[in-house]
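Protein chains in written order, with the working numbering: chain A, 4 to 354; chain B, 6 to 430. Every residue, glycine too, gets a C-beta built ideally from N, C-alpha and C. Here is the structure we will look at, set down as C-alpha cells.
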Amino acid sequence: MSSSPVAGPAPTGPTSGTGTGATGRHAPDRPHGPGRRAPRIRPVSAGARRGPRRRVARYWPQYLAISPYYVIFTVFMLFPVLYTVFLAFQKWDGIGDMHFVGFQQFRFLWDDPVFWLSVRNTLVIWVLSTVPMLFMALVLAVLVNSTKRLTAFYRVALFIPSITSLVAVAIFFGAVFSNNFGLINAILRALHLSAVPWMSNEWTIKLVISALMTWQWTGYNAIIYLAGLQAIPSELYEAARMDGAGPVRIFRSITIPLLRPIILFTVVISTVTGLQSFTEPQVLFGSEAATNPNSGGPGQAGLTTLLYFYHQAFDNNDFGYGAAIVWAFFLLILLIVVINWRLVQRKERRS
Amino acid sequence: MDLSRRRFLQAAVLTAAAAGATAACGGGSASSGAKDSKNLSLWYWSGGLSDKVVGDAKKHFSGISLKTSVVGGDFKTKLLTGLRAAQSAPDITGIKGEDIASFLPNADRFVDLKTVGADKLVPQYLSWKLKQATTQDGKLIGFPIDIGPCATFYREDLFAQAGLPTDPTEVSAQLATWDDYFRAGVELHKAVPKTFLVNNIGSVFTMVVGQGTQRFIDEDGRFIGDQDHIRTAWTTAVKPYTLGIDAKINDNTWNAAVSGGTLGTEIGAAWHALDISNAAPGTKGKWRVASLPGGPSNLGGSFLAVPATSGNPEEAFKIISWILGPENQARGFTDAALFPTAPAAYKLPALTGGDAFFGGQKTIEIFGPAAEKIPTAYEAPADAAVSAPFYSELTSIEAKGKDPDEAWKDAVAQAKQIAQRQGVK
Numbered sequence: 004m005s006s007s008p009v010a011g012p013a014p015t016g017p018t019s020g021t022g023t024g025a026t027g028r029h030a031p032d033r034p035h036g037p038g039r040r041a042p043r044i045r046p047v048s049a050g051a052r053r054g055p056r057r058r059v060a061r062y063w064p065q066y067l068a069i070s071p072y073y074v075i076f077t078v079f080m081l082f083p084v085l086y087t088v089f090l091a092f093q094k095w096d097g098i099g100d101m102h103f104v105g106f107q108q109f110r111f112l113w114d115d116p117v118f119w120l121s122v123r124n125t126l127v128i129w130v131l132s133t134v135p136m137l138f139m140a141l142v143l144a145v146l147v148n149s150t151k152r153l154t155a156f157y158r159v160a161l162f163i164p165s166i167t168s169l170v171a172v173a174i175f176f177g178a179v180f181s182n183n184f185g186l187i188n189a190i191l192r193a194l195h196l197s198a199v200p201w202m203s204n205e206w207t208i209k210l211v212i213s214a215l216m217t218w219q220w221t222g223y224n225a226i227i228y229l230a231g232l233q234a235i236p237s238e239l240y241e242a243a244r245m246d247g248a249g250p251v252r253i254f255r256s257i258t259i260p261l262l263r264p265i266i267l268f269t270v271v272i273s274t275v276t277g278l279q280s281f282t283e284p285q286v287l288f289g290s291e292a293a294t295n296p297n298s299g300g301p302g303q304a305g306l307t308t309l310l311y312f313y314h315q316a317f318d319n320n321d322f323g324y325g326a327a328i329v330w331a332f333f334l335l336i337l338l339i340v341v342i343n344w345r346l347v348q349r350k351e352r353r354s
Numbered sequence: 006m007d008l009s010r011r012r013f014l015q016a017a018v019l020t021a022a023a024a025g026a027t028a029a030c031g032g033g034s035a036s037s038g039a040k041d042s043k044n045l046s047l048w049y050w051s052g053g054l055s056d057k058v059v060g061d062a063k064k065h066f067s068g069i070s071l072k073t074s075v076v077g078g079d080f081k082t083k084l085l086t087g088l089r090a091a092q093s094a095p096d097i098t099g100i101k102g103e104d105i106a107s108f109l110p111n112a113d114r115f116v117d118l119k120t121v122g123a124d125k126l127v128p129q130y131l132s133w134k135l136k137q138a139t140t141q142d143g144k145l146i147g148f149p150i151d152i153g154p155c156a157t158f159y160r161e162d163l164f165a166q167a168g169l170p171t172d173p174t175e176v177s178a179q180l181a182t183w184d185d186y187f188r189a190g191v192e193l194h195k196a197v198p199k200t201f202l203v204n205n206i207g208s209v210f211t212m213v214v215g216q217g218t219q220r221f222i223d224e225d226g227r228f229i230g231d232q233d234h235i236r237t238a239w240t241t242a243v244k245p246y247t248l249g250i251d252a253k254i255n256d257n258t259w260n261a262a263v264s265g266g267t268l269g270t271e272i273g274a275a276w277h278a279l280d281i282s283n284a285a286p287g288t289k290g291k292w293r294v295a296s297l298p299g300g301p302s303n304l305g306g307s308f309l310a311v312p313a314t315s316g317n318p319e320e321a322f323k324i325i326s327w328i329l330g331p332e333n334q335a336r337g338f339t340d341a342a343l344f345p346t347a348p349a350a351y352k353l354p355a356l357t358g359g360d361a362f363f364g365g366q367k368t369i370e371i372f373g374p375a376a377e378k379i380p381t382a383y384e385a386p387a388d389a390a391v392s393a394p395f396y397s398e399l400t401s402i403e404a405k406g407k408d409p410d411e412a413w414k415d416a417v418a419q420a421k422q423i424a425q426r427q428g429v430k
C-alpha cells in the first residue's frame with residue numbers, strides 16, 4: 004500500500020512497483036517493469052473476487068496492527084491535502100463564508116511577481132545548498148569509511164547536526180553572520196578585511212540560508228552514503244587493487260557506480276526537503292514583527308515559496324491563495340524530482 | 006529504491022498538507038466547556054495581560070471558575086481554529102491589535118459587547134481605540150487592553166555630545182517636524198559617526214502613516230495606497246536613507262545596536278521602552294522620551310473579546326471590565342508595560358512616577374497627551390496585507406540600493422494586486 008492517491012500519476016514509472024519491503028533489493032541492476040511485476044499481480048486476477056477480501060479477513064490482526072499509521076495519515080495528511088485542493092478554488096479568510104472563485108487564485112498566482120520571486124529564491128537556495136552538501140557528504144563518507152579508529156565517534160558527530168533544533172541553529176547562524184556584531188565579520192575585521200553585510204545583501208542572505216542547510220544535512224547524507232559504502236563487498240576493491248587501479252580510479256569505477264542507487268535516494272530526498280526551506284528564513288528574518296511579518300528579510304531575498312505561502316495564508320488570512328501557492332509549488336517540486344530522477348537514471352543505464 | 010519513492014511521496018504529500026496540518030494542530034490546545042456558564046476560559050498570550058491581575062480576577066469572581074490559557078506561538082491562527090467549534094472556542098479571548106481589523110468582517114462570531122454592558126463604559130475609554138474594534142454598523146467586538154502611543158526615545162548623552170538639546174521639553178519643541186528630526190540626525194551622525202538616527206526606514210513609514218487619518222483602504226473599500234498621504238509617508242521615510250542617517254537594521258542585530266550606541270534614537274510605542282531596557286540594560290539612565298515629530302501616532306494595542314459561543318457573555322464581560330478597569334490597567338502598566346486605554350489611569354501613581362531607565366523622567370507627560378490626541382483612522386480588514394509590499398520595497402531600498410521611485414512603483418503595483426486578491430475595489 005502506497006500513498007498513491009495524490010501523487011499517483013507521477014510519471015516516475017514502474018521501476019519501483021508497489022512492493023513494500025525487500026523486493027528487488029537483491030538485484031543490483033533492477034530490471035524494469037514487466038519482468039518483476041508479473042508474478043505479484045497474477046493471483047488477484049486469477050483468484051476471483053473473494054480472494055483479497057478473504058485475505059483481509061484472515062490477516063485482520065496484522066491489518067489492525069498497521070492501521071494506526073494509516074488512520075492518522077488519513078486524518079492529518081490525506082484529508083488536509085485533499086481539502087487544500089478544494090480550498091485552492093475558494094476565497095476564504097479562515098472563519099467566514101467561502102466563495103467559489105474557479106481558477107481565479109491561479110490567475111492571480113500567474114501574475115504575482117512576488118510568487119515568481121519566491122520560486123527563484125527557493126531554487127537558488129536549493130542549488131546553493133544541495134550541490135555542496137551532497138558532494139561534501141560523499142567525501143566525508145569515503146574518509147570515514149577508510150578510517151579504522153573512532154568510527155563510532157565520527158558517525159555520531161556527523162549525525163548530531165541533523166537532530167539539532169532547526170530554530171536554535173537558525174538563531175545561532177543569525178548571530179554568527181550578523182552584519183555588525185557577528186563572529187564572521189569580527190574575524191574579517193581582525194584580518195583587516197572589510198566586513199560583509201551578510202544579512203542584508205540579496206545574495207549573501209541566500210548564501211547564509213544555504214550554509215545553514217548544508218551544515219545541518221551534510222552529516223545525515225554522509226551517514227547514508229557510509230551505509231552504502233559498507234555494503235560494497237571488499238573483494239571488489241581487492242580485485243581492483245590487484246589489477247593496479249589507483250584510489251581515484253577505484254572511486255570512479257567501483258564506488259560511484261555501486262553507490263548510484265543511494266545517490267539517487269539522497270538526491271531525491273534533498274530535492275524535496277531542500278525546496279521546502281521555510282523555518283530557516285522565518286527564524287532568521289523576524290517572524291515576530293507586527294508590521295510585515297514573514298516577508299523574507301531585506302529585499303525579500305530570503306522569501307522562499309513556503310514562507311510566502313505561510314505569509315499569505317496565516318498573516319493575510321488568504322487561505323484560498325495559500326492553497327493555490329502550495330499546489331503550484333507541489334507541481335514544481337514534482338517536475339524537478341522527475342528531472343533529477345531521469346538524469347541519474349540515464350547515467351545508470353549508460354554505465 | 007522502494008524506500009526512496011515512498012519517502013518521496015510522503016514528503017511531497019507533506020508539502021501540500023502544510024496548510025491543513027498546521028491548522029489542524031491548533032485545535033487541541035485548549036478544552037473548555039463552552040456551554041457551561043460557571044466555567045469560563047480565557048485565552049491570552051504571554052505578556053498580553055498582567056498575570057497578577059488575571060490571578061486576582063480568579064479570586065475576585067468566586068462564583069465563576071476562570072480557567073486561563075497562555076497560548077504560545079501564532080495566536081491568531083490558533084484562535085481562528087478554536088473559533089470553528091463551540092467546544093474548542095474560549096469564552097474570553099485576547100485579540101492582537103494588528104489582527105483586530107481582520108476579525109471585523111466576521112463580527113457575528115463575537116458578542117457585541119454593547120449588548121452586555123459595554124455601552125455604559127464606553128465614554129471612559131479612548132474613542133479612537135474603541136473605533137478599531139467597532140464594525141461599520143456599530144457593533145463593538147473588542148474591549149481595549151492597551152495602546153501604543155508613539156514617541157521618540159533618544160540617548161541624552163549622545164545628543165549632548167552633538168550639541169543638540171537634551172531636555173525632553175526642548176527636544177519635543179525643537180524636533181517637532183520630521184525635517185527637524187532628520188536635521189538633528191545629520192548633526193548627531195557627524196558628531197558621533199557610529200551613531201545613526203533611525204534603525205530602519207520602515208519604522209519611519211509606520212509612524213507617518215499612523216499620523217494620518219487615512220490608511221491604505223478607505224471606508225468604501227477602495228484602495229487608496231497610491232494617493233498623496235501614503236506617497237508623503239514614503240518620501241518622508243526615504244529621507245533618512247538618502248541623508249545617510251539610516252542604520253538599515255532589518256535583522257536580529259537590533260539588540261546589539263541599541264546597547265552599542267549605534268542607534269541614537271528609536272521611534273516607537275510606549276511598550277517599546279521595555280524592548281530597549283531589555284536589550285540594553287547597560288544604557289539605563291541615558292535614555293529620554295520626547296514627543297514624536299509630526300504629531301501623535303499609535304502602534305499596536307490589543308483587545309479582549311467574547312466569542313459568540315461563550316457560555317456566559319454577561320459574566321465574561323464583567324470579568325473583562327474588571328481586568329480592564331483603570332486601577333487594574335495601572336497595574337498592567339507596571340507589570341507588563343501595557344499602556345492604559347482608560348485616561349483615568351493616567352493620573353494614578355503607577356503612571357505618574359518617574360522611570361529610572363529614563364533618568365527619572367515622568368514619561369506619562371509625553372505619552373499621556375499623545376494617547377488622547379491620536380488621530381482616528383479607518384483600518385480595513387485587508388490593511389495589513391495591502392501595506393506589506395511598501396515595507397518590503399523599503400527594505401529593498403536599504404538592502405539592494407534600489408531606486409526609491411522604482412521601489413514606489415513596484416510597491417503600488419504589488420499592493421494593488423494584493424488588494425484585488427483581498428476583494429478590495
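For the beta strand (DSSP E) holding GLY365 (chain B), just list the boundary residues, first then last.
GLY365 (chain B) -> no beta strand (DSSP E), and no H or E assigned at all.
Give me the subset of the segment 73-91 of chain B whose CB atoms are less than 8 Å from a CB atom of chain A, sorted by chain position.
Within the segment 73-91 of chain B, the qualifying residues are ASP79, LYS81, THR82, LEU85, LEU88 and ARG89.
Which of the three DSSP states is assigned to PHE106 (chain A) in this structure?
In the structure shown, PHE106 (chain A) sits in coil (DSSP, three-state: anything other than H, G, I, E or B).
Counting only beta-carbon separations shorter than 8 Å, does GLN419 (chain B) have a partner in chain A?
Yes, contact with chain A.
Return the first residue and the last residue of the alpha helix (DSSP H) that GLY373 (chain B) is part of.
Its alpha helix (DSSP H) spans residues 369-377.
Hey, is LYS378 (chain B) close to the ligand ATP, as in C-beta under 7 Å from one of its heavy atoms?
In the structure on display, the ligand ATP does not appear, and there are no ligands present to speak of.
Please name the residue in B:ASN255, B:TRP133, B:PHE187 and B:ILE152 whose C-alpha comes closest to that of GLY53 (chain B).
Ranking B:ASN255, B:TRP133, B:PHE187 and B:ILE152 by Cα distance to GLY53 (chain B) puts B:ILE152 first.
DSSP on LEU180 (chain B), reduced to helix/strand/coil?
Reduced to three states, the DSSP call for LEU180 (chain B) is coil.
For VAL75 (chain B), which residues does DSSP report across the bridge?
BP columns for VAL75 (chain B) point to B:TYR49.
Does the Cβ of VAL417 (chain B) have 16 or more other Cβ atoms within 10 Å, making it buried, or fewer, making it exposed?
The residue is buried, with at least 16 neighbouring Cβ atoms inside 10 Å.
To the nearest angstrom, report how far apart CYS30 (chain B) and THR182 (chain B) are at their CA atoms.
Note that CYS30 (chain B) has pLDDT 41, beneath the 50 cutoff, so the model's placement of it is unreliable and the number below is only indicative. Distance between the alpha carbons of CYS30 (chain B) and THR182 (chain B): 48 Å.
What does the Cβ neighbour count give for VAL130 (chain A), buried or exposed, with the cut at 16 atoms within 10 Å?
Under this definition VAL130 (chain A) is an exposed residue.
Could you check whether the Cβ of ARG114 (chain B) sits closer than 8 Å to any Cβ belonging to chain A?
ARG114 (chain B) counts as touching chain A.
Taking buried to mean at least 16 other C-beta atoms within 10 Å of its own C-beta, is SER107 (chain B) buried or exposed?
The residue in question, SER107 (chain B), is buried, as its Cβ has 16 or more Cβ neighbours within 10 Å.
Please tell me whether ILE212 (chain A) and PRO284 (chain A) are closer than 8 Å, where the distance is taken between their beta carbons.
The answer is yes: Cβ separation under 8 Å.
Look up ALA178 (chain A) in the DSSP assignment and say whether it is helix, strand or coil.
Correct three-state label for ALA178 (chain A): helix.
Pull up the distance between the alpha-carbon of ASN343 (chain A) and that of VAL271 (chain A), whole angstroms please.
Roughly 7 Å separates the two Cα atoms.
Relative to the C-alpha of VAL76 (chain B), which candidate in B:ILE69, B:LEU84 and B:SER70 has its C-alpha closest?
Answer by Cα proximity: B:LEU84.
Which chain B residues sit within Cβ distance under 7 Å of ALA171 (chain A)?
Neighbours of ALA171 (chain A) on chain B: none; closest Cβ ~14 Å, over 7 Å.
Between GLN427 (chain B) and chain A, is the shortest Cβ-Cβ distance under 8 Å, so that the two count as touching?
So, interface residue.
Can you tell me whether ALA41 (chain A) is buried or exposed? The criterion is at least 16 other CB atoms within 10 Å of its CB, across all chains shown.
Any answer about ALA41 (chain A) is weak, because its pLDDT of 42 lies below 50 and its placement is not dependable; what the coordinates show is given next. So ALA41 (chain A) counts as exposed.
Quick one: any contact between the segment 89-109 of chain B and the segment 378-390 of chain B, if contact means 3 or more CB pairs under 8 Å?
With a cut-off of 8 Å, the segment 378-390 of chain B and the segment 89-109 of chain B count as touching, because enough Cβ pairs lie within range.
Does any C-beta atom of chain B lie closer than 8 Å to the C-beta of GLY231 (chain A)?
Judged by the 8 Å Cβ criterion, GLY231 (chain A) is not in contact with chain B.
Could you tell me the alpha carbon to alpha carbon distance between TYR186 (chain B) and PRO298 (chain B), rounded to whole angstroms?
Between TYR186 (chain B) and PRO298 (chain B), the C-alpha separation is close to 7 Å.
Should THR82 (chain B) go down as buried or exposed, given a rule of 16 or more other Cβ atoms within 10 Å for buried?
Flag for THR82 (chain B) reads buried.
Which first and last residues belong to the alpha helix (DSSP H) in which LEU309 (chain B) is found?
Per DSSP, LEU309 (chain B) belongs to no alpha helix (DSSP H); it is in the beta strand (DSSP E), 308-310.
What residue range does the alpha helix (DSSP H) around TYR1 (chain A) cover?
Because chain A in this structure spans residues 4 to 354, residue 1 (chain A) falls outside the shown range and cannot be described.
Decide if TRP119 (chain A) is buried, meaning its Cβ has at least 16 other Cβ atoms within 10 Å, or exposed.
Looking at its Cβ environment, which holds fewer than 16 other Cβ atoms inside 10 Å, TRP119 (chain A) is exposed.
Relative to the C-alpha of GLY330 (chain B), which residue among B:ILE100, B:TRP50, B:LEU131 and B:GLY102 is closest?
Per the Cα distances, B:LEU131.
Tell me which same chain residues have a C-beta within less than 7 Å of the C-beta of TYR246 (chain B), skipping the five on either side of it?
Counting only Cβ-Cβ distances below 7 Å, and skipping sequence neighbours, we find ILE206, ILE402 and GLU403.
Could you tell me which residues DSSP pairs with VAL203 (chain B) in its beta bridges?
B:ASP251.
With a threshold of 16 other CB atoms inside 10 Å of the CB of SER7 (chain A), please say whether the residue is buried or exposed.
Confidence at SER7 (chain A) is low in this model, with a pLDDT of 37, below 50, so the placement of that residue should be treated as unreliable; the coordinate-derived value is given next. So SER7 (chain A) counts as exposed.
Got a sec? Which residues, its chain only, sit under 6 Å from PRO301 (chain B) by beta carbon, not counting five neighbours each side?
Closer than 6 Å at the Cβ level, and outside the excluded window around PRO301 (chain B), lie ALA375, LYS378 and ILE379.
Taking the DSSP output, what are the residues bridged to GLU271 (chain B)?
Answer by DSSP bridge pairing, in chain order: B:PHE158.
For GLN3 (chain A), decide whether its Cβ has a neighbour in chain B, counting only Cβ atoms nearer than 8 Å.
Residue 3 (chain A) is absent from the structure shown; chain A starts at 4 and stops at 354.
LYS209 (chain A) touches chain B at which residues, Cβ-Cβ below 8 Å?
Chain B residues near LYS209 (chain A): none, gap ~12 Å exceeds 8 Å.
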